[in-house]
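Chains as they are written, first to last, in our numbering: chain A, 1 to 178; chain B, 1001 to 1150. Note that CB positions come from ideal geometry on N, CA and C, so glycine has one too. As structure tokens, the structure follows; a few thoughts come after it.
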Amino acid sequence: MARQTTKLDTKKVSAELFTLTYGALVTRLLKDYENIDDVNKQLERMGYNIGIRLIEDFLAKTNCGRCYDFRDTAEKIQLAFRTYLGVFPQVSNWSAANDEFSLLFDNNPLTEFVELPDHCLNLKYSNIFAGILRGACEMVQMEVTSWFVQDQLKGDNITELRIKFIKKLEDAIPVGED
Amino acid sequence: MIRSYNAKMIYNLYIFDKTGKLLFYTEWNRFKQSGMSRNEEGKLMYGMLFSLKNFVTKISPYDMKQGFLCFKTNKYALHFMETPSGLKFVLNTDISAQKVREILQQLYNNVYVNYVTRNPIHNLQDSIKSELFKSKLNSFMKQTHIYLSK
């Protein structure tokens, strides 16, 4: 079994294939949903479903325990982007209460070949990230929300994803216990 | 039939999700059943783990993150591992088994994640029915140092 796993790991998918596949997916969604807001929502939902599984893979790969604080979480999110996408977003712009920060991307592998046409300027092309983060954090008892503040697709210099901590989700209590 | 209770052995395994649902149960060596349904037994086990975890954390003289690891009786030891995502793995072994936590960690890393989480048609809230998972779990357990086939 162990042998099989290593074989899978060395067989990497080409980054271009990945980027183009994501592009095809977004294009398909744009055709299926007339409304751009619906597309944004769908991307977020897909991301969520990826996130709730990806977190297990991440935990197994990195063997990391629970986060001490939200700064710790930020580092782990940064590490996750590095592990899964090979990008190194910078963590910055912390809010005073330490519950909000930004990830700054110099390049975004999802948008490498993308130019937004005029009729879908409010498309959040990489909104899948927001969903993944929400799903993954929810599985480790954190409710977060995230949104794009700046986007290279819309002419900004960098892509900035803002992440906000909302609340800690409590452990489930078994039936019949107080 | 006379059985030696001193041999190194794995007894049984429970996997719970974060809501306390028994996702999976299997046994290798269990010479006596608890006399209740598996479902009831799972609830009892989860309730005990939940209370014990709380108790251990409350009573601790220090702040701790992962408090409860295992307990031992004169016939068996119960080993407990919880992932940050709230999955709970419980493995009962004989009392001489060592380094069981490492086995639980590997079980999660190499078997659970590969054959449950990565299985796209498996719904994460459902109990695990996958035969592939079962057979991989079996072969994983058989190659661990605490497994002894009888």
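request  = Can you say whether residue 1059 of chain B is buried or exposed, counting buried as having 16 or more other CB atoms within 10 angstroms of its CB?
outcome  = exposed
inquiry  = I need the DSSP call for residue 177 of chain A, collapsed to helix, strand or coil.
reply    = For residue 177 of chain A, the pLDDT reaches just 48, beneath the cut-off of 50, and the residue's location in the model is therefore unreliable, leaving the point undetermined.
request  = Can you grab the Cα-Cα spacing for the pair residue 96 of chain A / residue 103 of chain A, in whole Å?
outcome  = 16 angstroms
message = Just to make sure I have the definition right: I need the residues of chain B whose C-beta is within less than 7 angstroms of the C-beta of residue 56 of chain A. Which are they?
response = 1085, 1113, 1117
key: 8 angstroms contact criterion, which residue 1013 of chain B and residue 1090 of chain B should meet: CB distance rounded   = 7 angstroms
request  = Could you name the residues of the stretch 1052-1078 of chain B whose beta carbon sits closer than 8 angstroms to any beta carbon of chain A, in the order they occur along the chain?
outcome  = 1065, 1066
inquiry  = Can you confirm whether the stretch 1057-1074 of chain B touches the stretch 15-27 of chain A when touching is taken to mean that 3 or more C-beta pairs between the two stretches lie within less than 8 angstroms?
reply    = no
message = Report the CB separation of residue 1141 of chain B from residue 1010 of chain B in whole angstroms; it is logged as a contact under 8 angstroms.
response = 6 angstroms
6 angstroms Cβ shell around residue 90 of chain A - same chain, five flanking residues per side excluded = 104
key: Separation of residue 116 of chain A from residue 155 of chain A, as counted between CA atoms   = 10 angstroms
query = From residue 1017 of chain B to residue 1048 of chain B, what distance separates their C-alpha atoms?
reply = 15 angstroms
key: residue 150 of chain A (DSSP reduced to helix, strand or coil)   = strand
request  = Whole angstroms is fine: what's the gap from residue 168 of chain A's alpha carbon to residue 142 of chain A's?
outcome  = 5 angstroms
ask   = Looking at C-alpha atoms only, which residue of A:126, A:137, A:139 is the closest neighbour of residue 150 of chain A?
value = A:126
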